[in-house]
Amino acid sequence: MLFYILWILLGWWLLVNIISICVLAYAKVGLKSILLLLPMILSFAWLVIPFFMVASFMLNRSLKKYSSGGY
Numbered sequence: 181m182l183f184y185i186l187w188i189l190l191g192w193w194l195l196v197n198i199i200s201i202c203v204l205a206y207a208k209v210g211l212k213s214i215l216l217l218l219p220m221i222l223s224f225a226w227l228v229i230p231f232f233m234v235a236s237f238m239l240n241r242s243l244k245k246y247s248s249g250g251y
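Numbers in the numbering used here are just positions in the sequence shown, counted from 1, shifted up by 180.
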C-alpha cells in the first residue's frame, strides 16, 4: 500500500519538475525556443501518463482488496 502511494508521489514529483523546467526555459529563452522544446516535453508526458495510469490502477486494486478484507 505504502509502495503505491510513494509511486504516485514520485509521478507527481516528475510532473512538477517537468512543468518547472518548462517555466524556467520560457523565462530564459522565450516562446520560440519553447516550441523547439515541445517534442521533448511531449515525450516526457508519454513517460509520465502511463506511470500514473499504472499507479492509479494498482492503488485502486489494493484498496478494493483492503476494503473486502482479503489478500
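Where a beta carbon is used, it is the ideal one built from N, C-alpha and C, also for glycine.
Check: How would you call Ala235, buried or exposed, if buried means at least 16 neighbouring beta carbons within 10 angstroms?; Outcome: buried
Check: Please work out which residues of its chain come closer than 8 Å, Cβ to Cβ, to Gly191, disregarding the five sequence neighbours upstream and downstream, and give them in chain order.; Outcome: Val228, Phe231, Phe232, Ala235
Check: Alpha carbon to alpha carbon, what distance is there between Leu222 and Phe242?; Outcome: Going by the sequence as given, residue 242 is Ser instead of Phe. Looking at the two C-alpha atoms, the distance is approximately 30 Å.
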